[in-house]
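Numbering (the numbering used here), first residue to last: 23 to 142.
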Amino acid sequence: MEIINMKSVTVEVLKSVPEIKKVATDYPSNWTTFPTAIYRTVNKPYQIDALGEELQTQWTITVELYGNNSLTAIATQVLETFGTIGFTGTTKDANTADLKRVVIEVSAVVDNVTKYVYQK
Numbered sequence: 023m024e025i026i027n028m029k030s031v032t033v034e035v036l037k038s039v040p041e042i043k044k045v046a047t048d049y050p051s052n053w054t055t056f057p058t059a060i061y062r063t064v065n066k067p068y069q070i071d072a073l074g075e076e077l078q079t080q081w082t083i084t085v086e087l088y089g090n091n092s093l094t095a096i097a098t099q100v101l102e103t104f105g106t107i108g109f110t111g112t113t114k115d116a117n118t119a120d121l122k123r124v125v126i127e128v129s130a131v132v133d134n135v136t137k138y139v140y141q142k
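This is the structure in structure tokens:
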């Protein structure tokens with residue numbers, strides 16, 4: 023059984039927000055493109071059948087938005103877009119010395135058989 027890859031879905035969600043100019047998994051060596059979205063995913067088995075097949079996977083996705091101006095509207099749009107596929111989460115301001123930063127964390131349980139998304 024194939025586990026649904028939420029990494030590629032995360033990239034699609036972030037690229038669907040036109041205001042985000044760069045999507046990456048690593049911090050850039052040169053901070054020149056804003057707003058930038060840096061994401062990480064964590065997954066763990068949620069339900070395994072008697073044959074050891076992972077039927078459901080719990081996913082947590084963290085997105086850090088960086089920019090020079092307010093990121094509230096973009097963060098809201100990202101959170102709403104993840105909401106349309108069944109994920110729920112939070113946003114929190116976490117500004118750094120020179121940049122605005124919002125940390126978004128969303129999570130859900132993804133059924134690898136039916137492709138449905140459930141909230142934990």
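All C-beta atoms in this analysis are idealised placements derived from N, C-alpha and C, irrespective of residue type, glycine included.
Around the CB of Gly74, fewer than 16 other CB atoms lie within 10 Å, so the residue is classed as exposed. Remark: C-beta atoms of Met28 and Thr63 approach each other more closely than 8 Å.
Remark: C-beta atoms of Phe104 and Val45 do not approach each other more closely than 8 Å. Counting every other CB atom within 10 Å of its CB across the protein chains shown gives Gln141 a total below 16, marking it as exposed. The three-state reading of DSSP puts Lys43 in coil, since its state is none of H, G, I, E or B. Collapsing the DSSP output to three states places Ser129 in a strand. Nearest Cα to Lys37 within the set Leu87, Pro67, Trp81: Leu87. In terms of Cβ geometry, Val124 and Asp133 do not form a close pair [threshold 8 Å]. Sixteen is the threshold: since fewer than 16 other Cβ atoms of the shown chains lie within 10 Å of the Cβ of Tyr138, the residue is exposed. In the DSSP assignment, Leu87 forms a beta bridge with Ala59, Val124.
Ile126 and Ala97 have their C-alpha atoms roughly 7 Å apart.
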